Amino acid sequence: MLELRNISKSFNQKNILKNVSFKIKKGETICLLGASGSGKSTILKMIAGLDFPDGGQILFNKIDLSSTPPHLRDFGLVFQDFNLFPHLNVFDNIAFGLKMRNLSDNEIQLRVAALLEQIGLSGFENRKVNELSGGEQQRIALARALATQPRLLMLDEPLGALDKSLKEDLLNQLRNILHETKIPAIYVTHDAEEAFAIADRILILHDGIIIRDDMPEEIWKNPKFVTVTKILGIGNVIEGEVIAKNKIKTEFGIFDINCKQNKGEKVNLLMQQFPSPLRRGARGEVGVQINVKVEDIVYKQNQFEVKSRGVSFLINKKPKIGDVIKVNVQVQCLE
Amino acid sequence: MNSKINKLKEHASLFTYFRVYLFTYKRLFLWLPAFLFLLSFFFYPLTKIFSLTFDFSTLTNENNLRITLHALRFTFYQATLSTILTFILGIPSAILFSRFTFRGKSLLRAITAVPFMLPTVVVAAAFNSFLGSRGLIPLLSSFLFPQLLITNYQFTGTLIAILIAHVFYNTTIVIRIVGNALSRLDPKLEASARVLGANTFNVWRKIILPLLKPALLASALLVFMFNFTSFGVILLLGGSNFATLEVEIYIRALQLPNLNLAAMLSVIQLCFTLIFSILYTRTINQVNTQTNPQFLQPQRPKTLKEKFFVFTLYALLITFFVLPLISLPIRSLTRLEADRGQRDEIQYGFTTDYYQELFINRRNSLFYVPPFQAAINSLSYAGITVIFSLAIGYPVAVALAKPTKFDKLLDPLLLLPLGSSAVMLGLGFILSFGRLISSPFFVPIAHTLIALPFVIRTLQPAIKSIPEKLRQAASTLGASPLKVWQTIDFPILSRATLTAATFAFTISLGEFGATLLITRPEYPTIPIAIQRFLSQPGGLNYGQAMAMATLLMILTTTSILLIEKTRLNQSGEF
Numbered sequence: 015m016l017e018l019r020n021i022s023k024s025f026n027q028k029n030i031l032k033n034v035s036f037k038i039k040k041g042e043t044i045c046l047l048g049a050s051g052s053g054k055s056t057i058l059k060m061i062a063g064l065d066f067p068d069g070g071q072i073l074f075n076k077i078d079l080s081s082t083p084p085h086l087r088d089f090g091l092v093f094q095d096f097n098l099f100p101h102l103n104v105f106d107n108i109a110f111g112l113k114m115r116n117l118s119d120n121e122i123q124l125r126v127a128a129l130l131e132q133i134g135l136s137g138f139e140n141r142k143v144n145e146l147s148g149g150e151q152q153r154i155a156l157a158r159a160l161a162t163q164p165r166l167l168m169l170d171e172p173l174g175a176l177d178k179s180l181k182e183d184l185l186n187q188l189r190n191i192l193h194e195t196k197i198p199a200i201y202v203t204h205d206a207e208e209a210f211a212i213a214d215r216i217l218i219l220h221d222g223i224i225i226r227d228d229m230p231e232e233i234w235k236n237p238k239f240v241t242v243t244k245i246l247g248i249g250n251v252i253e254g255e256v257i258a259k260n261k262i263k264t265e266f267g268i269f270d271i272n273c274k275q276n277k278g279e280k281v282n283l284l285m286q287q288f289p290s291p292l293r294r295g296a297r298g299e300v301g302v303q304i305n306v307k308v309e310d311i312v313y314k315q316n317q318f319e320v321k322s323r324g325v326s327f328l329i330n331k332k333p334k335i336g337d338v339i340k341v342n343v344q345v346q347c348l349e
Numbered sequence: 002m003n004s005k006i007n008k009l010k011e012h013a014s015l016f017t018y019f020r021v022y023l024f025t026y027k028r029l030f031l032w033l034p035a036f037l038f039l040l041s042f043f044f045y046p047l048t049k050i051f052s053l054t055f056d057f058s059t060l061t062n063e064n065n066l067r068i069t070l071h072a073l074r075f076t077f078y079q080a081t082l083s084t085i086l087t088f089i090l091g092i093p094s095a096i097l098f099s100r101f102t103f104r105g106k107s108l109l110r111a112i113t114a115v116p117f118m119l120p121t122v123v124v125a126a127a128f129n130s131f132l133g134s135r136g137l138i139p140l141l142s143s144f145l146f147p148q149l150l151i152t153n154y155q156f157t158g159t160l161i162a163i164l165i166a167h168v169f170y171n172t173t174i175v176i177r178i179v180g181n182a183l184s185r186l187d188p189k190l191e192a193s194a195r196v197l198g199a200n201t202f203n204v205w206r207k208i209i210l211p212l213l214k215p216a217l218l219a220s221a222l223l224v225f226m227f228n229f230t231s232f233g234v235i236l237l238l239g240g241s242n243f244a245t246l247e248v249e250i251y252i253r254a255l256q257l258p259n260l261n262l263a264a265m266l267s268v269i270q271l272c273f274t275l276i277f278s279i280l281y282t283r284t285i286n287q288v289n290t291q292t293n294p295q296f297l298q299p300q301r302p303k304t305l306k307e308k309f310f311v312f313t314l315y316a317l318l319i320t321f322f323v324l325p326l327i328s329l330p331i332r333s334l335t336r337l338e339a340d341r342g343q344r345d346e347i348q349y350g351f352t353t354d355y356y357q358e359l360f361i362n363r364r365n366s367l368f369y370v371p372p373f374q375a376a377i378n379s380l381s382y383a384g385i386t387v388i389f390s391l392a393i394g395y396p397v398a399v400a401l402a403k404p405t406k407f408d409k410l411l412d413p414l415l416l417l418p419l420g421s422s423a424v425m426l427g428l429g430f431i432l433s434f435g436r437l438i439s440s441p442f443f444v445p446i447a448h449t450l451i452a453l454p455f456v457i458r459t460l461q462p463a464i465k466s467i468p469e470k471l472r473q474a475a476s477t478l479g480a481s482p483l484k485v486w487q488t489i490d491f492p493i494l495s496r497a498t499l500t501a502a503t504f505a506f507t508i509s510l511g512e513f514g515a516t517l518l519i520t521r522p523e524y525p526t527i528p529i530a531i532q533r534f535l536s537q538p539g540g541l542n543y544g545q546a547m548a549m550a551t552l553l554m555i556l557t558t559t560s561i562l563l564i565e566k567t568r569l570n571q572s573g574e575f
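Heads up: the sequence lines are chains A and B, in that order. Each residue of the first sequence is one higher than the one before, counting from 15 in the working numbering. Each residue of the second sequence is one higher than the one before, counting from 2 in the working numbering.
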């Protein structure tokens, strides 16, 4: 449905987007994941028609959108800080897009009531928006974007301004709504947890380039890049050196892995804790048992987080500082 | 040993007692000079005006009522028209400054703000020099194109002249209040509306205008209020046949004396300005609560439409705000017509005659003194005003920097002289002090009344901004109280004091309304001299008016620049 072709954009002589291309299929929810300032919001603005790419094309159903003004694109957009119209009540906020499309009053009444029921805020029609809580405001903002049954829904850090428990609630609600309505959606966030919870597909944006575009579970299993592991916040990244073909020397011993780097070069390895016996994976990852000297212990979710030389592992039995324990890990090369 | 300590304790308690005593009454002492000053020179004259008003025969006199109604009607009429015209220029300009960046933007913004601080006589003289029948445009065009005989050309003495000058003065208010509100609107609201299907027209109609309503209302009220009480512009550009309330007060106080009527008109005007100020204060508070911390980033004009808009408005604003102010000094240095009684061949072109004439005491001149004496008078009045207003304003500013309930109660009293017009102050002086008024000291006293609120409002935030913790830190580090004052208070206060003094100086230099009523002929100030020159026939008189107005313009613009440079914080309000 939506397709971005080689989109580039620069601000103050700095290229923030370099040849970004991706597609969204019907009914799919994709997640644009990246650090703040990586240009995620700019992509949304350009899709909405509020900003223009320096180069490249944006197509919807194979039609170039460059000459279509925002109000004729029929997309929905939800911002992090809700941006409800402060001078309108809840009803008029949700009805705004419908009124712009000159729907009959009767139809508008019905649709707004249905939407309010869907988000669990029936009877809120006449409330002032600045009297509502953050979570309520964000649900109204979502209802406002959904009211016109847009061809595409864009969510720009929609839960960023909410606290954690509310976030989980709303995330579930949002996932259900997206599944029900089958509206394709682009969800922009810097929070990996949100991305994994809601996305059918995750796109990771770094330095103006989409470095990964894959299913959540694939990205989790095979992050491939150091930056991806940082954005996802997974595993331990350690440094090693290629001492021979298939031999990487690290602080935790020598591993038999085949990395792209040449002999003598430094290499980053991802070390993920792995409970089952050792095995060798399809992507060249290797399972090993390493010895870890306990330097610090933190109690965490009914387990003990053991820290040593900048990496950490979870174990069930409380160790003592100075103990040497055995941990099963799976090691893979990163770029 | 013990007795020594006891003695010390005794001393200490006596000292503490004295300090507590001082502290309790300090507030009173701080307010005393201002209180006495306002009592004798504002409230006493005010009671005089009121006592004349409530004379039953004044209220019922048919002639008085007819004049009052006529003046009221015309005041509302011209103020409404002026406000509408100001908005027609102001709203696009507010959009220009809040939405776009372009070369020379800050300079253009500063230029649009200059007229607001200029004395009315300068503005009147500037428009006269530009469009008046002796001005550059009409004289040059008849000189260059003699075949184009424009008969009956008139600018001064028309309603149009008044309206144009009012727009010239007040556009900056709309630019600042509406422009600030516009740039503080969250751009995402507009984005949301557009994505939801609103075109530009609907975005403005449904989102931007409703959200700007308080700002629009507040600026409209303020502009209307200034137009309502406008005096110098109307008298100097319109002439006394355009009788607003303010002009009518002046006429009834001096030209066709009817002090009862003048008093009644003043009270009516005071009532209206009070209502307007209350409404304004209410709406401007709403403007503040609706602002968003996320400022809209102005952008370069992109589309052809935007470029056209920016370019056209840019050119228009430059023309409207710069040409009159430039044509004033040009006209003061060029001879374009014969002087009065001059029979020999006329030397057209560059001349410094008008400036040289200022130093000559002609027997048939308007004054008993050389015109330059007016400048000396003005400067000395301004100097005295600075001293008076600082001496009275400083203690009050100290009290208001950390206000108690008592201070907050007294605070609005200070603003009252602002609400009453300058002409009304003059009328009060005439009624209260009668013959005493011939003493030249009354002029700086009237100027002090007008400058005082500005002086206090400039000093108070500066005093307040000095953090107590800094003082404490300095003293714990071993600084004596004198050293603390020298290193912490003085650097901050000296700037604010300079700004306040410049404010008082500028206000006094340009003050026209009150001075016109109370000054004696042999002690003219620069504005009075300009007014007299302008009201006399002949090219020489006109030229001298231009020369004096140019000098006054240079003095005031220098002061404005000084104020802008030393100002601590710039706020968007007035």
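Cβ coordinates follow ideal geometry from the N, Cα and C atoms, glycine included. All of these numbers come straight from a predicted model, not from anything done at the bench.
C-beta neighbour in chain B for residue i, strict 8 Å
{"i": "Thr-195/A", "result": "no"}
{"i": "Pro-84/A", "result": "yes"}
{"i": "Asn-26/A", "result": "no"}
{"i": "Met-15/A", "result": "no"}
{"i": "Gly-111/A", "result": "yes"}
{"i": "Leu-46/A", "result": "no"}
Range covered by the alpha helix (DSSP H) that runs through residue i
{"i": "Ser-83/B", "result": "63 to 100"}
{"i": "Met-229/A", "result": "Note, Met-229/A: premise wrong, no alpha helix (DSSP H); not H, not E."}
{"i": "Phe-43/B", "result": "Premise fails: Phe-43/B is in no alpha helix (DSSP H) and is neither H nor E."}
{"i": "Gln-473/B", "result": "469 to 477"}
Beta carbon proximity, residue i to chain A, threshold 8 Å
{"i": "Ala-199/B", "result": "yes"}
{"i": "Ala-216/B", "result": "no"}
{"i": "Pro-139/B", "result": "no"}
{"i": "Ala-192/B", "result": "yes"}
{"i": "Thr-292/B", "result": "Any reading at Thr-292/B needs caution, since the residue's pLDDT is 47, under 50, leaving its predicted position unreliable; the model's value is listed next. It does not: the Cβ of Thr-292/B has no partner Cβ on chain A nearer than 8 Å."}
{"i": "Leu-212/B", "result": "yes"}
{"i": "Arg-332/B", "result": "no"}
Contact under 8 Å by Cβ, residue i with residue j
{"i": "Pro-34/B", "j": "Pro-299/B", "result": "no"}
{"i": "Leu-518/B", "j": "Leu-246/B", "result": "no"}
{"i": "Glu-231/A", "j": "Val-256/A", "result": "no"}
{"i": "Ala-530/B", "j": "Ser-333/B", "result": "no"}
{"i": "Ala-398/B", "j": "Ile-451/B", "result": "no"}
{"i": "Thr-159/B", "j": "Thr-113/B", "result": "no"}
{"i": "Val-631/B", "j": "Pro-84/A", "result": "The question about residue 631/B has no answer here: the residues shown for chain B are numbered 2 through 575."}
{"i": "Asn-341/A", "j": "Pro-333/A", "result": "Looking at the sequence shown, residue 341/A is not Asn but Val. Taking 8 Å as the Cβ cut-off, Val-341/A and Pro-333/A do not qualify as a contacting pair."}
{"i": "Phe-260/B", "j": "Leu-222/B", "result": "Per the sequence shown, residue 260/B should be read as Leu rather than Phe. In this structure, Leu-222/B does not lie closer than 8 Å to Leu-260/B by Cβ."}
{"i": "Ile-208/B", "j": "Ala-375/B", "result": "no"}
{"i": "Leu-167/A", "j": "Gly-63/A", "result": "no"}
{"i": "Gly-249/A", "j": "Thr-241/A", "result": "no"}
{"i": "Thr-503/B", "j": "Leu-563/B", "result": "yes"}
Buried versus exposed, by CB contacts within 10 Å (16 or more), residue i
{"i": "Ala-192/B", "result": "buried"}
{"i": "Ile-122/A", "result": "buried"}
{"i": "Ser-130/B", "result": "buried"}
{"i": "His-193/A", "result": "exposed"}
{"i": "Val-338/A", "result": "exposed"}
{"i": "Ser-107/B", "result": "exposed"}
{"i": "Arg-100/B", "result": "buried"}
Element boundaries [beta strand (DSSP E), containing residue i]
{"i": "Phe-36/A", "result": "28 to 38"}
Sequence-distant residues of its chain with Cβ nearer than 6 Å to residue i (five each side left out)
{"i": "Thr-292/B", "result": "Its pLDDT being 47, under 50, Thr-292/B is placed unreliably in this model, and the coordinates cannot settle the point."}
{"i": "Gln-597/B", "result": "Since the first and last residues shown for chain B are 2 and 575, residue 597/B lies out of range."}
Cβ neighbours of residue i in the same chain (closer than 7 Å, five flanking residues each side left out)
{"i": "Pro-147/B", "result": "none"}
heavy atom of the ligand GDP below 7 Å from residue i C-beta
{"i": "Leu-217/A", "result": "Absence of the ligand GDP is noted for the structure shown, with no ligands found whatsoever."}
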